[in-house]
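Numbering (UniProt numbering) for the sequence shown: 1 to 371.
One structure below.
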Amino acid sequence: MDTSKKNYDDFKGSIAIGPLVGLPSSNWVGVDIANHLLNNGIKVEKFGSFNTQIEADCIILVKLMPKIDWLIDKIERGVKVIYAPVDIFHSKYVFWRYRNRLKLFSGFLIHNDKVGELISKVSDSPQFFIEHYLKYELDKCSDFTKVNELLWVGHLEYIPSLLKFVKKIKPELKIRALSDLEKLPYYENYLDKSLREIDCKYSIEKKSDDGVYISGVFIEQWSEQKQAELMQTCIAAFDTKMNSFAHNLKPPTKAQKFIYNKIPFACSEHSFSFKYFEQRGLKVAKLDELSYLVSDDYRQNVSDFCDAQKWRVNIDSVASSYLHACENSTPPPYYGKTYLYLMDAGYFIVYFSLRVMDKIKTVFKLNKNKG
Numbered sequence: 001m002d003t004s005k006k007n008y009d010d011f012k013g014s015i016a017i018g019p020l021v022g023l024p025s026s027n028w029v030g031v032d033i034a035n036h037l038l039n040n041g042i043k044v045e046k047f048g049s050f051n052t053q054i055e056a057d058c059i060i061l062v063k064l065m066p067k068i069d070w071l072i073d074k075i076e077r078g079v080k081v082i083y084a085p086v087d088i089f090h091s092k093y094v095f096w097r098y099r100n101r102l103k104l105f106s107g108f109l110i111h112n113d114k115v116g117e118l119i120s121k122v123s124d125s126p127q128f129f130i131e132h133y134l135k136y137e138l139d140k141c142s143d144f145t146k147v148n149e150l151l152w153v154g155h156l157e158y159i160p161s162l163l164k165f166v167k168k169i170k171p172e173l174k175i176r177a178l179s180d181l182e183k184l185p186y187y188e189n190y191l192d193k194s195l196r197e198i199d200c201k202y203s204i205e206k207k208s209d210d211g212v213y214i215s216g217v218f219i220e221q222w223s224e225q226k227q228a229e230l231m232q233t234c235i236a237a238f239d240t241k242m243n244s245f246a247h248n249l250k251p252p253t254k255a256q257k258f259i260y261n262k263i264p265f266a267c268s269e270h271s272f273s274f275k276y277f278e279q280r281g282l283k284v285a286k287l288d289e290l291s292y293l294v295s296d297d298y299r300q301n302v303s304d305f306c307d308a309q310k311w312r313v314n315i316d317s318v319a320s321s322y323l324h325a326c327e328n329s330t331p332p333p334y335y336g337k338t339y340l341y342l343m344d345a346g347y348f349i350v351y352f353s354l355r356v357m358d359k360i361k362t363v364f365k366l367n368k369n370k371g
């Protein structure tokens, strides 16, 4: 039964979604869903900044966090505010920066259970697990021949984890790695620092207009077209992330993109992607199980799983879950303004102190590695 259509017909409220600022997350989690709801008759207002005058029963915030005054104003006006943090908690100090404000939301759209566990430390407001809809879906009618290559797709911040994998596993199959190389000038210091931490020397050698060797591994410029072509031809895909606070809180979007397109996929056990699929009945191949990754048995397991579970990432199902969250969220407890302002100032001091300590530790590590 298609319950999403019933949810659209039954929903009588109004929603505002934003701030829609052109980030990949605000487009995927915000713009696309807002447009789909609008096309299905839901009253939706899209806004681009916190300065916008918003008239809606429920406001869904995508990733960006407003000032505490903004949240207090909405509570006083009786407006529900739901927060979708996506991957904003890239460090512990960011969580401390926003810790006080998390108390003021009526609910949360969660893409990673570990993010939900973090938020539950400070807020009892209801949490709703939300899927990323399947934005990249392969054309099943295309005629491509599979080749013995492994596909890796990731932002430049994940390059160190890829190099660590190559150094440790030494895969025999060719790796086709796609990344946002247009941002490389802004990531050189980060890559130099991060690669030193894994005892790897940072080096760049330009190979072509759309590819470079980074510390000996060839990285190609990502494009939607090239990604689609390689998803059709590569025999399997994999993802690498460090076992870190930030990486463990990432949504499972990359794994979903491959598995829900019936592409065998591998990742590390500490990745939330591994847990996500395990909870739903698929044991994902580990990074040191490359023989299993490219096996016929695993390919069939992935195909069967996709046939049974792909409904989860259908945009109708995902958009409908937003409506469910709006209807079932609850106003937060009352807090006095003075208390909120004092707590916000106190948490800012903790946030600032943690940032300073983090910088000191980073400098110490770099000096130690140089020595």
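Just so it is clear, CB atoms sit at the ideal spot from N, CA and C, and this is done for glycine as well.
**Item:** Same chain, Cβ closer than 8 Å to residue 7, five either side skipped, listed in chain order
**Value:** Against the sequence shown, residue 7 aligns to sequence position 7. Cβ within range, chain order: 320, 323 and 324.
**Contact set for residue 277: own chain, Cβ-Cβ below 8 Å, skip 5 residues either direction** = Translated into the one-based positions of the sequence shown, residue 277 becomes position 277. 252, 255, 259, 283, 284 and 305, listed in sequence order.
**Message:** Along the chain, where does the alpha helix (DSSP H) containing residue 176 start, and where does it finish?
**Reply:** By one-based count along the sequence shown, residue 176 stands at place 176. Segment 174 to 179 is the beta strand (DSSP E) holding residue 176; no alpha helix (DSSP H) there.
**Request:** Please name the residue or residues paired with residue 218 in a DSSP beta bridge.
**Result:** Reading the sequence shown from its first residue, position 218 is the one you call residue 218. Looking at the DSSP assignment, residue 218 forms a beta bridge with 213.
**Asked** Any idea if residue 313 is buried or exposed, counting beta-carbon neighbours within 10 angstroms, 16 or more meaning buried?
**Response** By 1-based counting over the sequence shown, the position of residue 313 is 313. Buried, since its Cβ has 16 or more Cβ neighbours within 10 Å.
**Message:** According to DSSP, simplified to helix, strand and coil, what is residue 84?
**Reply:** The residue given as residue 84 occupies position 84 in the sequence shown. Reduced to three states, the DSSP call for residue 84 is strand.
**Nonlocal neighbours in the same chain, by C-beta distance under 7 Å from residue 207, ignoring five residues either side** = Your numbering for residue 207 matches position 207 in the sequence shown. Excluding sequence neighbours, residue 207 sits near 213 and 218.
**Request:** Taking 8 Å as the cut-off, decide whether the C-beta atoms of residue 227 and residue 147 are in contact.
**Result:** On the sequence shown, residue 227 is found 227 positions in, with the first residue counted as 1. On the sequence shown, residue 147 is found 147 positions in, with the first residue counted as 1. No, these two residues do not count as a Cβ contact at 8 Å.
**Asked** Is residue 339 buried or exposed, if buried means 16 or more other CB atoms sit within 10 Å of its CB?
**Response** Taking the first residue of the sequence shown as position 1, residue 339 is located at position 339. Counting Cβ neighbours within 10 Å, residue 339 comes out exposed, since fewer than 16 surround it.
**Message:** Please state the DSSP three-state secondary structure of residue 29.
**Reply:** Along the sequence shown, read from residue 1 onward, the residue named residue 29 stands at position 29. Residue 29: helix per DSSP, three-state reduction.
**Item:** Pair within 8 Å by beta-carbon distance, residue 198 and residue 287
**Value:** Numbered from 1 along the sequence shown, position 198 holds the residue referred to as residue 198. Numbered from 1 along the sequence shown, position 287 holds the residue referred to as residue 287. No, the Cβ-Cβ distance between residue 198 and residue 287 is not below 8 Å.
**Request:** Would you kindly check if the distance between the Cβ of residue 332 and the Cβ of residue 25 is under 8 Å?
**Result:** Against the sequence shown, residue 25 aligns to sequence position 25. Against the sequence shown, residue 332 aligns to sequence position 332. For residue 25 and residue 332, no; Cβs fall outside 8 Å.
**Message:** Using DSSP's beta-bridge definition, name the partner residues of residue 267.
**Reply:** On the sequence shown, position 267 is the one that residue 267 refers to. Residue 267 is bridged to 286.
**Asked** Ordered along the chain, which non-local residues of its own chain (more than five positions away) have a Cβ less than 8 Å from that of residue 11?
**Response** Reading the sequence shown from its first residue, position 11 is the one you call residue 11. Here the set comprises 42, 323, 326 and 327.
**Asked** For residue 178, which option in 224, 93, 143 and 299 has the closest C-alpha, if you only look at C-alpha atoms?
**Response** Within the sequence shown, residue 178 is the residue found at index 178, counting from 1. Closest option to residue 178, Cα to Cα, is 224.
**Message:** On the criterion of 16 or more Cβ atoms from any shown chain inside 10 Å, does residue 15 qualify as buried, or is it exposed?
**Reply:** Within the sequence shown, the letter at position 15 stands for residue 15. Buried, because 16 or more other Cβ atoms sit within 10 Å of the Cβ of residue 15.
**Message:** At the level of alpha carbons, what is the spacing between residue 334 and residue 236?
**Reply:** If you number the sequence shown from 1, residue 334 lands on position 334. If you number the sequence shown from 1, residue 236 lands on position 236. Whole-angstrom Cα-Cα distance: 51 Å.
**Message:** Which runs of the beta strand (DSSP E) at least 3 residues long sit entirely within the segment 307 to 358? Give them in chain order.
**Reply:** none
**Item:** residue 228 - containing alpha helix (DSSP H), residue span
**Value:** On the sequence shown, residue 228 is found 228 positions in, with the first residue counted as 1. Run containing residue 228: 224 to 233, per the alpha helix (DSSP H) assignment.
**Message:** How far does the alpha helix (DSSP H) with residue 14 in it extend, from its first residue to its last?
**Reply:** Along the sequence shown, one-based indexing puts residue 14 at 14. Taken as a continuous stretch (DSSP letters only), residue 14 belongs to no alpha helix (DSSP H), being part of the beta strand (DSSP E) at 14 to 18.
**Request:** Can you give me the start and stop residues for the alpha helix (DSSP H) that residue 161 sits inside?
**Result:** Your numbering for residue 161 matches position 161 in the sequence shown. First-last of the alpha helix (DSSP H) with residue 161: 159 to 169.
**Asked** Within 10 angstroms of its Cβ, does residue 2 collect 16 or more other Cβ (buried), or is it exposed?
**Response** Within the sequence shown, residue 2 is the residue found at index 2, counting from 1. Annotation note: pLDDT 46 at residue 2 (below 50); position unreliable, no value reported.
**Prompt:** Between the C-alpha atoms of residue 121 and residue 232, what's the straight-line distance to the nearest angstrom?
**Reply:** Against the sequence shown, residue 121 aligns to sequence position 121. Against the sequence shown, residue 232 aligns to sequence position 232. C-alpha separation (whole angstroms): 43 Å.
**Message:** I'd like the list of long-range same chain contacts for residue 20, defined as Cβ closer than 6 Å, with 5 residues on each side in sequence excluded.
**Reply:** In the sequence shown, residue 20 corresponds to position 20, counting from 1. Cβ neighbours of residue 20 beyond the five flanking positions: 26, 30, 31, 46 and 48.
**Message:** Helix, strand or coil for residue 238? Go by DSSP, reduced to three states.
**Reply:** Residue 238 sits at position 238 when you count from the first residue of the sequence shown. Note: residue 238 maps to strand in three-state DSSP.
**Item:** Alpha-carbon to alpha-carbon, residue 308 and residue 80
**Value:** Walking along the sequence shown from the start, residue 80 turns up at place 80. Walking along the sequence shown from the start, residue 308 turns up at place 308. The straight-line gap from Cα to Cα measures roughly 35 Å.
**Message:** According to DSSP, residue 11 sits in a beta bridge with which residue or residues?
**Reply:** Along the sequence shown, read from residue 1 onward, the residue named residue 11 stands at position 11. DSSP output for residue 11 lists no bridge partner at all.
**Message:** Between which residues of its own chain and residue 171 is the CB-CB distance below 7 Å, once the five residues before and five after are set aside?
**Reply:** Here the question's residue 171 lines up with position 171 in the sequence shown. Excluding residues within five positions, the ones whose Cβ falls inside 7 Å are 150 and 290.
**Item:** Contiguous alpha helix (DSSP H) assignments of at least 4 residues, all confined to the segment 89 to 114
**Value:** 92 to 98
**Request:** Return the residue from the list 200, 139 and 132 that minimises the CA-CA distance to residue 164.
**Result:** For the purposes of this step, residue 164 is identified with residue 164 of the sequence shown, where counting begins at 1. With distances taken between Cα atoms, residue 164 lies closest to 200.
**Asked** Would you call residue 18 buried or exposed, if buried means 16 or more other Cβ atoms sit within 10 Å of its Cβ?
**Response** Stepping through the sequence shown from its first residue, residue 18 is reached at position 18. Buried.
**Asked** Can you tell me where the beta strand (DSSP E) with residue 148 in it begins and where it stops?
**Response** Here residue 148 refers to the residue found at position 148 of the sequence shown. 147 to 153 is the span of the beta strand (DSSP E), which, as asked, contains residue 148.
**Message:** Pull the bridge partners of residue 208 from the DSSP assignment, please.
**Reply:** For the purposes of this step, residue 208 is identified with residue 208 of the sequence shown, where counting begins at 1. Paired residues: 211.
**Message:** In this structure, how does DSSP classify residue 183 when only helix, strand and coil are distinguished?
**Reply:** Residue 183 sits at position 183 when you count from the first residue of the sequence shown. It is helical.
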